[in-house]
Structure formats: C-alpha cells, structure tokens
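Below is one structure, written out as structure tokens; comments come after it.
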Amino acid sequence: MANFTPISAAIGGALIGLSAALLMLLNGRIAGVTGVFAGLIDPTGIDRAWRATFIAGLIVAPLSAALVGFTLPIPQMPTNLIVVAAGGLLVGFGTRLSNGCTSGHGVCGIARLSPRSITAMVIFMAAAIVVVALTRHVFGG
Amino acid sequence: MRALASLFCGFVFGWGLFISGMMRPDKVLGFLDVFAIPSGKWDPSLAVVMAAALAVTGVGYALLRRRTPIFETQSHWPTQTAIDRPLVAGSILFGVGWGLVGLCPGPAIANLATLSSPVIVFVVAMAAGTLVHDLWYARSVTPDTPSLAQANAADG
C-alpha cells in the first residue's frame, strides 16, 4: 500500500466533517455539494447568496493552500475530452436525479444513518468500482 | 451573515478536500481500483477520509439535532426517506461518471482553482447534466409529482 496516506486523509476528512457540522450549526443546511451547486445554477433556484459563497470557498481554499506554499497538483484527467465531458454529464445528471453525491449522501446522509443515503453510497461506489475495473483491467493496459 | 458563514464552511471543506488528497483523481481511482489489492498498489485513503468525516459529522449532527441554527430560523434537515427508482438510477449514473474520471462534484469544483482545461470541461458538462435533468423533470411534472423544490428538501 505504497500510496496510502492515512494521516493527511484523517485530517482532511475531519475538516470536511467540521465543515458539514458548522454549516448545520450556522445556517441549518446540509453540506451537499450537489444540492448547493444545483440550487445555484438552476434558473428557478432560491437562496443563491449562501450557495455562491460556499462554492467560492471551495475554490479559494486550494488557492490559499498554494499561496502558503503547498503544491497544487494539476489533476490527472483522461486525455480524451469526450470521456471527460461524458463523465461530467453523468455525474451532473446522476447526482441531481439521486439528489446527492459523496458529500450529501456519503457524508451528511450516512452521518444521519439514513437508509436512503447508505443505499446511494453503496450503489455509486459499486458502479464506480465496476467502471474502474473495466477501464483498468479489461480494456485498459 | 449567512453568506459569510457558508463562505467559511466552503473554505474549510475545500481545505479538507485538498489535504486529504481527494482533489486528485488518480488518488480516488487508486481507491476504487479494488483489483489492485493483491498487488499491494491499492490506496485505502478515501476510506479513512470518509471515516473521519463521518465521525465528526455524526457527533456534530447528534448535538445539533434539535437546535435552531444561528443564522436561520430553522434547520433544513432532509425529509425524503424513500429508496426509489430515481435514487437507484441516479446513483448508478453518478458512479459510472465518477469511475470514468475520478471526480465527484466537490473535488471537481475545488479543482477549478487549477484552471486546468479538462476540469473546466468536466464542470461545464456537470452543470449541463444538472440543467438537462431539471428541464426533463419540469416536463414530466404531473399534479402528483413533487415540485423540484420539494424534492430538493432532501439529501444534498
């Protein structure tokens, strides 16, 4: 397990949890990025201000990390932009249909022990594992 | 104040994604690649991120269950409990997209900070997927379909 980084993973995860708890304490909202983002771009969306600033915070955080001297790695993405766009469409449509992603269902929902969110997480994890197995071990090098 | 509070929360969330390594698609895919377990190349980091996030959120939510939020008149706890077709179908589609690229919505948006063009393509496509869903949902509305706002009173 040469790539395992348990300490940074635990610190980062705790910060994500802290953010979710704080957003509920301060604004009474679930820290689900799908819901926040969709409500921001939906033409009929309401309560845009806090959504916009949450998204802004998500983007400013890595910028501030780079400013204080951390390396901000350029993400490794598939070279075929059609695959990238297809992935984005699936993620956008799918998370909206199921009403949550890794944060809304995975963190906030499971923290409430919601059977609905546990089901969502099991299904999207399983689907992603199958796709990675196919792309890496069946069709890929 | 609400906008400022959520700016801070988004900022803490973004730092969490950054420090945990979850902004890196290669690291996320390294977790999803369970067939790498026998070779010793599997990366269980994402499981630790989830466990830590769940522990903190779980304790926080338990304490806040009956509390009124500071800058809002009431908490917006999710109300949906149904395990229905949209939940299952949406989760499958999301999982396929996540497995193809290694980005879910939070890290995708945080990665806009890198101004990398594939990330911009991904986020634009993600926004398009969201809007396509909403248009399709609006067309399929019948008198008994919950409005999108009601449907959104749930999850995240």
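If you're matching them up, the sequences are chains X and C in order.
Taking the numbering used here, I'd label the letters of the first sequence as residues 1 to 141.
Taking the numbering used here, I'd label the letters of the second sequence as residues 1001 to 1156.
Even glycine gets a Cβ: it sits at the ideal position worked out from N, Cα and C.
All figures in this text were calculated on a predicted structure; none of them were measured in a lab.
| Check | Outcome |
| --- | --- |
| Where residue 113 of chain X falls, given that 16 or more other Cβ within 10 Å makes a residue buried | exposed |
| Top-ranked residue by Cα proximity to residue 1111 of chain C, from C:1008, C:1004, C:1022, C:1001 | C:1022 |
| Within chain C, the residues that residue 67 of chain X reaches when beta carbons sit closer than 9 Å | Result: empty, since nearest Cβ-Cβ is about 11 Å, beyond 9 Å. |
| Within chain X, the residues that residue 1044 of chain C reaches when beta carbons sit closer than 7 Å | 1, 4 |
| Residue 134 of chain X classed as buried or exposed, judged by whether at least 16 other C-beta atoms fall within 10 angstroms | exposed |
| Entirely enclosed alpha helix (DSSP H) segments - the region 30 to 89 of chain X, minimum 4 residues | 33 to 41, 48 to 67 |
| Proximal chain C residues relative to residue 87 of chain X, where beta-carbon distance stays under 9 Å | 1096, 1097, 1098, 1099, 1100, 1101, 1102, 1103, 1122, 1125, 1126 |
| Three-state class that DSSP yields for residue 1140 of chain C in the structure shown | coil |
| Beta carbon proximity, residue 1116 of chain C to chain X, threshold 8 Å | yes |
| Within chain X, partners of residue 1079 of chain C - CB distance below 7 Å | Within 7 Å Cβ-Cβ: nothing; residue 1079 of chain C doesn't reach chain X, min ~11 Å. |
| DSSP-derived helix/strand/coil call for residue 1073 of chain C | coil |
| Expected contact under 8 Å - CB spacing of residue 1127 of chain C and residue 41 of chain X to nearest Å | 5 Å |
| Neighbouring residues, chain X, relative to residue 1140 of chain C (Cβ below 9 Å) | Neighbours of residue 1140 of chain C on chain X: none; closest Cβ ~12 Å, over 9 Å. |
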